[in-house]
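First the structure, in the form of structure tokens, and then the observations on it.
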Amino acid sequence: MKTEGSEVILSINNVSKSFPGVKALDEVSIDVQRGTVHGIVGENGAGKSTLMKILSGVYQKDSGTVVFDGKQIEHTTPYQSMQSGLAIIYQELNLVNTMSVGENIFLGRFREMKGMKGTHAKARELLDSIACKVSTTKLVSELSVSEKQMVEIAKALSFKSKLIIMDEPSSSLTSEEMCQLVKIINQLKEQGISIIYISHKLDEIFEFCDIVSVMRDGHVIDTKEKSAFTRQELITKMVGRTIENEYPPRPLCVGDTLMEVHSINTHKLHDLSFTLNKGEILGLMGLVGAGRTEIVRALFGADKVRGHRVLIEGKPTVIRNPKDAKDAGFGFIPEDRKLQGLILPFSVESNISMASIRKFSRLGFLRKSLEKDIGARQVKALAVKTPSTKTAVRNLSGGNQQKCIVGRWMETSPRIFIMDEPTKGIDVGAKYEIYNLMKHIVEHGGAIILISSELPEVLNMSNRVLTIFEGRITGEFDPQKASVNEIMGAALGIVEGCV
Ligand SMILES: Nc1ncnc2c1ncn2[C@@H]1O[C@H](COP(=O)(O)OP(=O)(O)OP(=O)(O)O)[C@@H](O)[C@H]1O
Ligand SMILES: [Mg+2]
Numbered sequence: 007m008k009t010e011g012s013e014v015i016l017s018i019n020n021v022s023k024s025f026p027g028v029k030a031l032d033e034v035s036i037d038v039q040r041g042t043v044h045g046i047v048g049e050n051g052a053g054k055s056t057l058m059k060i061l062s063g064v065y066q067k068d069s070g071t072v073v074f075d076g077k078q079i080e081h082t083t084p085y086q087s088m089q090s091g092l093a094i095i096y097q098e099l100n101l102v103n104t105m106s107v108g109e110n111i112f113l114g115r116f117r118e119m120k121g122m123k124g125t126h127a128k129a130r131e132l133l134d135s136i137a138c139k140v141s142t143t144k145l146v147s148e149l150s151v152s153e154k155q156m157v158e159i160a161k162a163l164s165f166k167s168k169l170i171i172m173d174e175p176s177s178s179l180t181s182e183e184m185c186q187l188v189k190i191i192n193q194l195k196e197q198g199i200s201i202i203y204i205s206h207k208l209d210e211i212f213e214f215c216d217i218v219s220v221m222r223d224g225h226v227i228d229t230k231e232k233s234a235f236t237r238q239e240l241i242t243k244m245v246g247r248t249i250e251n252e253y254p255p256r257p258l259c260v261g262d263t264l265m266e267v268h269s270i271n272t273h274k275l276h277d278l279s280f281t282l283n284k285g286e287i288l289g290l291m292g293l294v295g296a297g298r299t300e301i302v303r304a305l306f307g308a309d310k311v312r313g314h315r316v317l318i319e320g321k322p323t324v325i326r327n328p329k330d331a332k333d334a335g336f337g338f339i340p341e342d343r344k345l346q347g348l349i350l351p352f353s354v355e356s357n358i359s360m361a362s363i364r365k366f367s368r369l370g371f372l373r374k375s376l377e378k379d380i381g382a383r384q385v386k387a388l389a390v391k392t393p394s395t396k397t398a399v400r401n402l403s404g405g406n407q408q409k410c411i412v413g414r415w416m417e418t419s420p421r422i423f424i425m426d427e428p429t430k431g432i433d434v435g436a437k438y439e440i441y442n443l444m445k446h447i448v449e450h451g452g453a454i455i456l457i458s459s460e461l462p463e464v465l466n467m468s469n470r471v472l473t474i475f476e477g478r479i480t481g482e483f484d485p486q487k488a489s490v491n492e493i494m495g496a497a498l499g500i501v502e503g504c505v
């Protein structure tokens, strides 16, 4: 799409790319204007990351042309593309954990910086320019995800980038960190730098992108100015069908008490007690650091807890470690993808079936066919996009890998299912499938504790919401009756509440 008087920094024309069994990109064409934020949306597996990896030289295209800053790009490498002014911040960040911040920013260029002193001084200057206060001598392994992202941005700026690609930068950021990122994006834009911004969060796309391209199944379906799209139209174009509601009706039949938790005390949690009922989705809301993850870790036996009591169906239950938790009927989708235990070279079916298969059989042949059945069932239920259930998980797109984890735990049919950010990185259509599965779990006697930084998700799916602030429960709400302000007030520790 060309607007009058604008200048195209990047022109992608009819680019195609195939992997065995998949046409990941089919004649893709997109123009990116100088000094704009160009959003790219599309279902999991639509081809977004593949296109970006072609631009940055990680993959080579099969056909088509790419013109960047007036020059046609052929066999480029990641380093050459950085040097030509095209930087990419990957879905899974790409820094060396064992090196310092400054060393990461100028990796391989210490001599140009006149040694380590120059490296750190220049790194400081770059970080200051994006209001990042992290010390340049700190090890990357000690940084939070958002700090790592800032380091990646500083690194991109160090190459005098004209275009910065951000592939799902926000999936691990808190709302305050996100505000900071938006400020930086606007600042970069003012300097004439273009941004390609990939996200599944449509609110972000509507908030600060100028132009949006929609991809589906390796094609570009549409590119136009953001203001010319409605949210509904964007979703329909992404998923290829109309989705009337983004959330299924909330499950209604909440039953008797399933679990009572009395007095959890850890160094972060203070005398925390609550109940969970059969058939209930209980949302936990709070800022990052409020103690949401600690509650889950305490319940799951991952952290040491002093003198608390857990009763499941009235029976005292001791949970000392994650195995006890699993035996007591807990299932857990952890937040961090890298800790989720996907074995990347293994097939989709063995990754999905590995938590549940042991309970069926030890016989090799039976095991194989069970593995296949379980894999096929979850691939269908969650619409995992893969050429086959035998494909290595490593070859799936980020969101489809996440679906395999959800499928793995679905198969264990837990009674108490703890979900920490279950739809992170998952597209709108597949989110709906996951919400439906959540509904299915609770309608069959289970219960769910839902932790999510997406407020609409908690408000639309939960029967009850507990707000946590600094390790304490500050409120209990019926999300159908309470206002967002009341709930947020309690989550921010401003007021205590109960509706
Ligand atoms: N190295 C690879 N080998 C084989 N297939 C691949 C490889 N990389 C990607 N694919 C396939 O190409 C298609 C596009 O994947 P891609 O990662 O570009 O999707 P995406 O739009 O970024 O999705 P997501 O929103 O889940 O990140 C998928 O079907 C994926 O399985
Ligand atoms: Mg991707």
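For what it's worth, the numbering used here labels the leading residue of the sequence shown as 7, then goes sequentially. Beta carbons: idealized from backbone N, C-alpha and C, even for Gly.
Just checking my contact of residue i with residue j at CB under 8 Å: how many whole Å lie between their CB atoms?
i	j	result
residue 292	residue 474	4 Å
residue 21	residue 37	The pair is not a contact, with the Cβ atoms about 12 Å apart (cut-off 8 Å).
residue 398	residue 359	About 15 Å separates the two Cβ atoms, so there is no contact after all.
residue 54	residue 46	5 Å
Residues bridged to residue i by DSSP?
i	result
residue 44	202 and 217
residue 143	Residue 143 pairs with nothing; no bridge assigned.
residue 336	422
residue 22	69
residue 172	95 and 203
residue 322	317
residue 456	289 and 425
residue 231	217
residue 398	353
residue 225	222
residue 403	Note: residue 403 sits in no beta bridge, so no partner.
residue 312	271
residue 16	38 and 74
residue 106	145
Taking the beta strand (DSSP E) that residue i falls in, what are its first and last residues?
i	result
residue 265	263-270
residue 30	28-39
residue 316	315-318
residue 425	422-426
residue 291	287-291
residue 470	470-475
Please list, in chain order, all residues of the same chain as residue i whose beta carbon is under 6 Å from its beta carbon, the five residues on each side excluded.
i	result
residue 73	17
residue 62	84, 87 and 94
residue 286	260, 453 and 469
residue 249	241
residue 125	108, 112, 116 and 119
residue 276	477 and 478
residue 9	Below a pLDDT of 50, predicted positions are generally treated as unreliable, and residue 9, at 46, falls in that range; no measurement from the model is reported.
What does a CB cutoff of less than 7 Å around residue i pick up in its chain, not counting 5 residues either side in sequence?
i	result
residue 268	279, 314 and 315
residue 323	316, 317 and 334
residue 486	none
residue 408	343, 430, 431 and 432
residue 19	35, 70 and 71
residue 362	380, 417 and 418
residue 207	176
residue 7	The predicted model places residue 7 with a pLDDT of 47, which falls under 50 and marks its position as unreliable; any figure quoted below should be read in that light. Hits under 7 Å: 37, 217, 229 and 230.
residue 246	222
residue 441	253, 254 and 467
Might you give, ordered along the chain, the residues of its own chain that have their beta carbon closer than 8 Å to the beta carbon of residue i, omitting 5 neighbours on each side?
i	result
residue 91	74, 75, 165, 166, 167, 168 and 169
residue 213	188
residue 499	475, 476 and 480
residue 140	107, 133, 149, 153, 156 and 157
residue 387	413, 416, 439 and 443
residue 137	186, 189 and 190
residue 389	409, 435, 436 and 439
Where do the ends of the alpha helix (DSSP H) carrying residue i lie?
i	result
residue 80	First-last for residue 80: undefined, no H or E at that position.
residue 162	151-164
residue 482	Premise fails: residue 482 lies in the beta strand (DSSP E), 478-483, not in any alpha helix (DSSP H).
residue 283	Premise fails: residue 283 lies in the beta strand (DSSP E), 278-283, not in any alpha helix (DSSP H).
residue 434	434-449
residue 127	121-135
residue 250	Per DSSP, residue 250 belongs to no alpha helix (DSSP H) and is neither H nor E.
residue 56	54-61
residue 301	298-305
residue 507	Examination of residue 507 is not possible in this model, given that the chain is present from 7 through 505 alone.
residue 467	461-467
For the pair the region 419-432 and the region 451-465, tell me if three or more CB-CB distances fall below 8 Å.
At 8 Å Cβ cutoff, the stretches touch.
If you pair each beta-carbon of the region 225-241 with each one of the region 195-204, do three or more pairs fall below 8 Å?
No, the region 225-241 does not touch the region 195-204.
Counting Cβ pairs closer than 8 Å, one from the region 170-180 and one from the region 126-145, do we hit at least three?
Using a C-beta cut-off of 8 Å, the region 170-180 makes no contact with the region 126-145, since fewer than three inter-stretch Cβ pairs fall below that distance.
Inter-stretch contact (C-beta, 8 Å, three-pair minimum) for the region 438-458 and the region 257-265:
As far as the Cβ criterion goes, the region 438-458 touches the region 257-265, which means the pair count is three or higher.
Give a yes or no on contact between the region 390-404 and the region 22-41, applying the rule of three or more CB pairs nearer than 8 Å.
As far as the Cβ criterion goes, the region 390-404 touches the region 22-41, which means the pair count is three or higher.
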